[in-house]
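Asks: According to the numbering used here, the sequence shown is numbered sequentially starting from 1.
Ideal placement from N, C-alpha and C gives every residue a C-beta, glycine not left out.
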Amino acid sequence: MQVVIFADQNPRASIAALRSLCYHKIGVYVAIKSNSKLRFSFLNYTNFIDINKRLLRYEECDEKSLVNTLYTFREQIGQYILFPSGEKILRWVIAHKNELAQAGIILPTVNLESYEIISNKQSFINISQAHGLDVPSEFTELPTTFKEKFVIKAKTGIWDTESVLTRPVLVQTPKALNKLREKNLNLDAHFIQEYINGPSFYYCALYDRGEKKISFTQQTIVQQPSGMSVVKAVPATLPETVVRKIDLMMESLNWYGLMMIEVKEFNDKYYAIECNPRLWGPIQLVIDNGADFPYALWQLATKQPITGVSMVEQPYGYIWTLGYLHGLLLKWQSKTAFQIYSKTLKRRVVFRDVWFRRDAYTYFFVELFTILKTFVKVLVRN
Numbered sequence: 001m002q003v004v005i006f007a008d009q010n011p012r013a014s015i016a017a018l019r020s021l022c023y024h025k026i027g028v029y030v031a032i033k034s035n036s037k038l039r040f041s042f043l044n045y046t047n048f049i050d051i052n053k054r055l056l057r058y059e060e061c062d063e064k065s066l067v068n069t070l071y072t073f074r075e076q077i078g079q080y081i082l083f084p085s086g087e088k089i090l091r092w093v094i095a096h097k098n099e100l101a102q103a104g105i106i107l108p109t110v111n112l113e114s115y116e117i118i119s120n121k122q123s124f125i126n127i128s129q130a131h132g133l134d135v136p137s138e139f140t141e142l143p144t145t146f147k148e149k150f151v152i153k154a155k156t157g158i159w160d161t162e163s164v165l166t167r168p169v170l171v172q173t174p175k176a177l178n179k180l181r182e183k184n185l186n187l188d189a190h191f192i193q194e195y196i197n198g199p200s201f202y203y204c205a206l207y208d209r210g211e212k213k214i215s216f217t218q219q220t221i222v223q224q225p226s227g228m229s230v231v232k233a234v235p236a237t238l239p240e241t242v243v244r245k246i247d248l249m250m251e252s253l254n255w256y257g258l259m260m261i262e263v264k265e266f267n268d269k270y271y272a273i274e275c276n277p278r279l280w281g282p283i284q285l286v287i288d289n290g291a292d293f294p295y296a297l298w299q300l301a302t303k304q305p306i307t308g309v310s311m312v313e314q315p316y317g318y319i320w321t322l323g324y325l326h327g328l329l330l331k332w333q334s335k336t337a338f339q340i341y342s343k344t345l346k347r348r349v350v351f352r353d354v355w356f357r358r359d360a361y362t363y364f365f366v367e368l369f370t371i372l373k374t375f376v377k378v379l380v381r382n
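1. Take every Cβ of the segment 365 to 382, pair it with every Cβ of the segment 260 to 275, and state whether three or more of those distances are shorter than 8 Å.
2. Please identify the residue among 284, 101 and 55 whose C-alpha is closest to the C-alpha of residue 71.
3. May I ask which residues mark the beginning and end of the alpha helix (DSSP H) holding residue 323?
4. Do you know whose CA, among 297, 307 and 279, lies nearest residue 15's CA?
5. Output yes or no for whether 7 Å exceeds the beta carbon distance between residue 63 and residue 136.
6. Whose CA, out of 85, 55, 61 and 338, lies closest to the CA of residue 226?
7. For residue 281, does the count of other Cβ atoms within 10 angstroms reach 16, so buried, or fall short, so exposed?
8. Is it buried or exposed, residue 188, if we count other Cβ atoms within 10 angstroms and call 16 or more buried?
9. What's the C-alpha gap between residue 205 and residue 182?
10. Take residue 123 and list the residues in its own chain whose beta-carbon comes closer than 6 Å to its own, dropping the five residues that flank it on each side.
11. Where does residue 239 fall in DSSP's three states?
12. Report the three-state DSSP secondary structure of residue 176 (helix, strand or coil).
13. Quick one: using the 10 Å Cβ neighbour count with 16 as the cut-off for buried, is residue 184 buried or exposed?
14. Let's test the definition: count the other Cβ atoms within 10 Å of the Cβ of residue 255 and tell me whether it reaches 16, buried, or not, exposed.
15. For residue 39, count neighbouring Cβ atoms within 10 angstroms of its own Cβ and tell me buried if that reaches 16, exposed if not.
16. Please report how far the alpha carbon of residue 348 lies from the alpha carbon of residue 321, in whole angstroms.
17. Helix or strand or just coil, what does DSSP make of residue 39?
18. Based on Cα-Cα distance, which residue from 132, 311, 244 and 377 lies nearest to residue 333?
19. Check the DSSP bridge columns for residue 249 and list the partner residues they point to.
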């Protein structure tokens, strides 16, 4: 069965998934916003699809418009699997999961209740703690003066009000605290955690009704300022006790589909941070090292045996070179630094850039142009 991907919701993850699906000769359609600000953004996908036949446009102005667009796709291309991407629109789609399935639109995820338990920041912390995982301590209120680094997060996913953060914010300086207080946030909709100053690990896994099928762990080496995107990462391992607790937690939810859980290590303890139950940015690292999650997700959705795992003799690392450039912009704006953690590697790792590949040079230049344009705007504004 063919696949549809909301490719502009997470470009690095989408390109990685396209590479996988095209390698396995699976039919795939790319969907981008109908009101995309980049008029020629479709050029990013010319190495993967025939843009005259397999490029779709979707409406995301509201839930009804998006769901109606999915039914329009069904009329145009027949039955399809919709890969999970984009936090806001994915929740809209999951809410209609059963009706869509009856129409031949398959979404390989759990129901909305289970999804929100894992994806909402507060409930994820609660269920992690209930399953014996360590979690960061919480502040009772927003500090009036800066004494230590902390992270503030929205308890649930809310996108339609400026008084609620759409993503966690790492507060590292007195200036950052002052800017945060100026936002006039609805503090009842947020919670505040201590900052765990240690390396970050991503535990990635795919489950079939709670049974783990494949998994992979990576460690972040470089992360953009303010706790933003991963720039450099390598394969890693987690203690079996931590892995077992996570797997039991997902089993309790009868989890179906993929997910990535971030844990941070400090003083030999591993703290559960958050979960991303959809395609994640540096998923190319997982694929390069033989755990082909997009292909395995397609196999899961089509009820085939999961064979998307192969051994690689040469371990590969992940690097997003333009992420450094974008990170410099963030550093300039936030007056904070890159988060860098060293790791002693037992084997030589070859780093592969997500864009410096024959099929993605176009996207490299598009992203470079976007970053430089943002630099110019900031310079003019200042």
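Replies: Inspection of the coordinates gives the following:
1. no
2. Here residue 71 corresponds to residue number 71 of the sequence shown, with the count starting at 1. Comparing Cα positions, the closest option is 101.
3. Reading the sequence shown from its first residue, position 323 is the one you call residue 323. Element bounds for residue 323: 321 to 334.
4. Within the sequence shown, residue 15 is the residue found at index 15, counting from 1. Of 297, 307 and 279, the residue nearest in Cα terms is 279.
5. In the sequence shown, counting from the first residue as 1, residue 63 sits at position 63. In the sequence shown, counting from the first residue as 1, residue 136 sits at position 136. Not closer than 7 Å, so no.
6. Position 226 of the sequence shown, counting from 1, holds the residue named residue 226. It is 338 whose Cα lies nearest to the Cα of residue 226.
7. Counting from one through the sequence shown, the residue named residue 281 turns up at place 281. Per the 10 Å Cβ criterion, buried.
8. On the sequence shown, position 188 is the one that residue 188 refers to. Residue 188 comes out exposed.
9. Along the sequence shown, one-based indexing puts residue 205 at 205. Along the sequence shown, one-based indexing puts residue 182 at 182. Taking the straight line from one Cα to the other gives about 39 Å.
10. Translated into the one-based positions of the sequence shown, residue 123 becomes position 123. 117.
11. Against the sequence shown, residue 239 aligns to sequence position 239. Of the three classes helix, strand and coil, the one that applies to residue 239 here is coil, per DSSP.
12. Mapped onto the sequence shown, residue 176 falls at position 176. Three-state DSSP puts residue 176 in a helix.
13. One-based indexing of the sequence shown puts residue 184 at position 184. With fewer than 16 other Cβ atoms within 10 Å, it is exposed.
14. Locating residue 255 in the sequence shown gives position 255, counting from the first residue. By the neighbour-count rule (16 or more Cβ atoms within 10 Å), residue 255 is buried.
15. Position 39 of the sequence shown holds residue 39. With a pLDDT of only 48 at residue 39, under 50, the local geometry of the prediction cannot be trusted, and the value read off the model is given with reservation. It counts as exposed.
16. Position 348 of the sequence shown holds residue 348. Position 321 of the sequence shown holds residue 321. Their backbone Cα atoms lie some 20 Å apart in a straight line.
17. As a working note, residue 39 is residue 39 in the sequence shown. Here residue 39 scores only 48 on pLDDT, less than 50, and its place in the model should not be relied on; the value that follows carries that caveat. Coil.
18. Position 333 of the sequence shown, counted from the start, is the residue given in the question as residue 333. Measuring from the Cα of residue 333, the nearest candidate turns out to be 377.
19. In the sequence shown, the residue the question calls residue 249 occupies position 249. Residue 249 is not bridged to any residue.
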